[in-house]
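In our numbering, the protein residues as written are 968 to 1245. Using N, Cα and C, we set each Cβ at its ideal position, and we do this for glycine too. Remember, predicted model here, so these are calculated numbers, not experimental data. Written out below as structure tokens is the structure these notes cover.
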């Protein structure tokens, strides 16, 4: 009887261990899938989708928002980026998963001293190697939902690394803006019902009389809501849009951060500024 009882206990223990391992395996799979989707969204600059799976989505959105603005050179890398999941260590309430992000070998491309964005793109397409960045994402389980807890580390280890790259080429209009003013705002902050936003730029004296051909885009918390047509102007540049003309589909701009980014005729960014609507 004692032997039979001992066997029964052992069998139950093994079954419990298997069940626990199955649970851990399922959690690791869920975290790996979530992390992969999060990183793929970072390539597409789907900032709101990224923030939605973070443990503090409001803080994450605020921190991620500046990286939703397009930069042509960086977008060339993101369009060619891939992610591979590695070792996962996940328990009931939390865990980590290692990911490797592979970018085209931009270092060897930049060693060729490309003169402009088009030449850089050609060099990227010819690059044979990759630049690999290892990212460890930390996960926490809240109310049976897995969330990413170290989004600040991701921003530092990935996005900030990209923005620190010295591409060696820049827009012909780089440094031309001498003064900016968000018309009607107080220190860049709009209050109350705001049906339009307006960024006014003054050009430095030495370039004041030169024609500038450009386009610009408006982003809300990193999401594109408006794209201008091609404009030609000089001296004083005024970028404004009405809420009803954007993809927001509203009469007034909802609260949030709004960024207007300027691009030259080659699509290279040369100026960007952000205001807040309360």
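Which two residues bound the contiguous beta strand (DSSP E) that contains residue i?
i: residue 1055; result: 1049-1057
i: residue 1205; result: 1203-1209
i: residue 1075; result: It is not in any beta strand (DSSP E) - residue 1075 instead sits in the alpha helix (DSSP H) that spans 1073-1078.
i: residue 1125; result: Neither: residue 1125 is in no beta strand (DSSP E) and is coded neither H nor E.
i: residue 1231; result: 1223-1231
i: residue 1167; result: 1163-1170
i: residue 1147; result: 1144-1149
i: residue 1200; result: 1198-1200
i: residue 1193; result: 1190-1194
Is it buried or exposed for residue i, if we count other Cβ within 10 angstroms and need 16 for buried?
i: residue 1187; result: buried
i: residue 947; result: In the structure as shown, the chain begins at 968 and stops at 1245. Residue 947 is therefore absent and cannot be evaluated.
i: residue 1228; result: buried
i: residue 1081; result: buried
i: residue 1140; result: buried
i: residue 1236; result: buried
i: residue 1230; result: buried
i: residue 1223; result: buried
i: residue 1197; result: exposed
i: residue 1054; result: exposed
i: residue 1110; result: exposed
i: residue 1038; result: buried
i: residue 1245; result: exposed
i: residue 1113; result: buried
i: residue 1220; result: buried
i: residue 1062; result: buried
i: residue 994; result: buried
i: residue 1183; result: buried
i: residue 1238; result: buried
Below 8 Å on the Cβ atoms is my guess for residue i versus residue j; work out the distance and round it to an integer in Å.
i: residue 1002; j: residue 1189; result: At roughly 20 Å, the Cβ-Cβ gap does not stay under 8 Å, so residue 1002 and residue 1189 are not in contact.
i: residue 1107; j: residue 1243; result: At roughly 30 Å, the Cβ-Cβ gap does not stay under 8 Å, so residue 1107 and residue 1243 are not in contact.
i: residue 1241; j: residue 1226; result: 4 Å
i: residue 1263; j: residue 1040; result: There is no way to answer for residue 1263, as the model of the chain reaches only from 968 to 1245.
i: residue 1070; j: residue 1098; result: 5 Å
i: residue 1094; j: residue 1076; result: 6 Å
i: residue 1203; j: residue 1167; result: 7 Å
i: residue 1022; j: residue 1116; result: 5 Å
i: residue 1030; j: residue 1119; result: 6 Å
i: residue 1121; j: residue 1084; result: Not a contact, Cβ separation roughly 26 Å.
i: residue 1087; j: residue 1134; result: 7 Å
What residues match up with residue i in a beta bridge as DSSP calls it?
i: residue 1064; result: 1055 and 1104
i: residue 1005; result: Answer by DSSP bridge pairing: none, since residue 1005 is not bridged.
i: residue 1114; result: 1107
i: residue 1157; result: 1244
i: residue 1069; result: 1049 and 1099
i: residue 1181; result: 1198 and 1231
i: residue 1186; result: 1191 and 1226
Can you tell me where the alpha helix (DSSP H) with residue i in it begins and where it stops?
i: residue 1015; result: 1014-1019
i: residue 1132; result: Counting along the chain, residue 1132 falls outside any alpha helix (DSSP H), and DSSP gives it neither H nor E.
i: residue 1118; result: 1118-1121
i: residue 1215; result: Unbroken run through residue 1215: none, as it is neither H nor E.
i: residue 1024; result: 1024-1031
i: residue 1237; result: Not the alpha helix (DSSP H): residue 1237 falls in the beta strand (DSSP E), residues 1236-1244.
i: residue 1088; result: 1084-1093
Could you confirm whether any beta carbon from chain B is found closer than 8 Å to the beta carbon of residue i?
i: residue 1227; result: Absence of chain B from the displayed structure is noted, only one protein chain being present.
>> Taking contact to mean 3 or more Cβ pairs, one atom from each stretch, closer than 8 Å, check whether the segment 1004-1013 and the segment 1039-1053 are in contact.
In response: yes
> Below 8 Å, can you find three or more Cβ-Cβ pairs linking the segment 1060-1075 to the segment 1094-1103?
Replying inline: yes
>> I want to know whether the segment 1143-1153 touches the segment 1168-1188 - three or more CB-CB distances under 8 Å.
In response: yes
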